[in-house]
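In the UniProt record's numbering, the protein residues as written are 1 to 160.
Where a beta carbon is used, it is the ideal one built from N, C-alpha and C, also for glycine.
A quick write-up on the structure given underneath.
Take a look at the structure:
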């Protein structure tokens, strides 16, 4: 189902399941104004089209003892395919790394979002893991003082 074929009912379905992944098909059908069978069929079509990627449960990082959010800018010696692949392969093994993006427009090659229990843990991660990856030339760190906004829902206002 290409994006241009989505209608307002599909948009409502997507909005609701982003808000509440546990919503029953019966509740969802009622909210979007469909009977249960067509609603279920639409959800399945959205899944098959790859628009619904997967369903997850969001956990509270503070309640789990991970109050420290760290943004790390990583620069590599060179952006050669072998060096990039090595870095990406290694960084994907660290569960603390929530996001990793190859970026442009700055003095870094990668931006990482990392969750940590405390500064001691971060120090060990930095010295024993991140600094040990071949090709890493510099690391700049920013610590989140307060989370102002945190969304998990994708914007859907462009879908009419």
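1. Using the three-state DSSP reduction, which class does residue 75 fall into: helix, strand or coil?
2. Across which residues does DSSP place residue 113 in a beta bridge pair?
3. Taking 8 Å as the threshold, find out whether the region 27-37 comes into contact with the region 74-82 through three or more Cβ pairs.
4. Residue 113: which of 159, 99, 94, 103 sits nearest, CA to CA?
5. Rounded to the nearest angstrom, what separates residue 10 and residue 104 at their Cα positions?
6. Is it true that the region 71-78 meets the region 139-148, where meeting means three or more beta-carbon pairs spaced less than 8 Å apart?
7. Just tell me which of 45, 90, 117 has its CA closest to the CA of residue 62.
8. Just verifying my parser: in three-state terms, what is the DSSP assignment at residue 51?
9. Between the alpha carbons of residue 92 and residue 25, how many angstroms are there, rounded?
10. In the DSSP assignment, find the unbroken beta strand (DSSP E) run with residue 140 in it and report its ends.
The answer reads as follows:
1. Within the chain shown, the letter at position 75 stands for residue 75. Correct three-state label for residue 75: strand.
2. Numbered from its first residue, the chain shown carries residue 113 at position 113. The partner list for residue 113 (beta bridge, DSSP) reads 71, 99.
3. no
4. Translated into the one-based positions of the chain shown, residue 113 becomes position 113. Selected option, being the one with the closest Cα: 99.
5. Locating residue 10 in the chain shown gives position 10, where the first residue counts as 1. Locating residue 104 in the chain shown gives position 104, where the first residue counts as 1. The alpha-carbon atoms of residue 10 and residue 104 are separated by roughly 34 Å.
6. Cβ pair count under 8 Å is three or more, so yes.
7. Looking up residue 62 in the chain shown gives position 62. Residue 62 has its Cα closest to that of 117, out of 45, 90, 117.
8. Along the chain shown, read from residue 1 onward, the residue named residue 51 stands at position 51. Residue 51: coil per DSSP, three-state reduction.
9. For the purposes of this step, residue 92 is identified with residue 92 of the chain shown, where counting begins at 1. For the purposes of this step, residue 25 is identified with residue 25 of the chain shown, where counting begins at 1. Answer to the nearest angstrom: the Cα atoms are 35 Å apart.
10. Locating residue 140 in the chain shown gives position 140, counting from the first residue. Unbroken beta strand (DSSP E) run through residue 140: 136-143.
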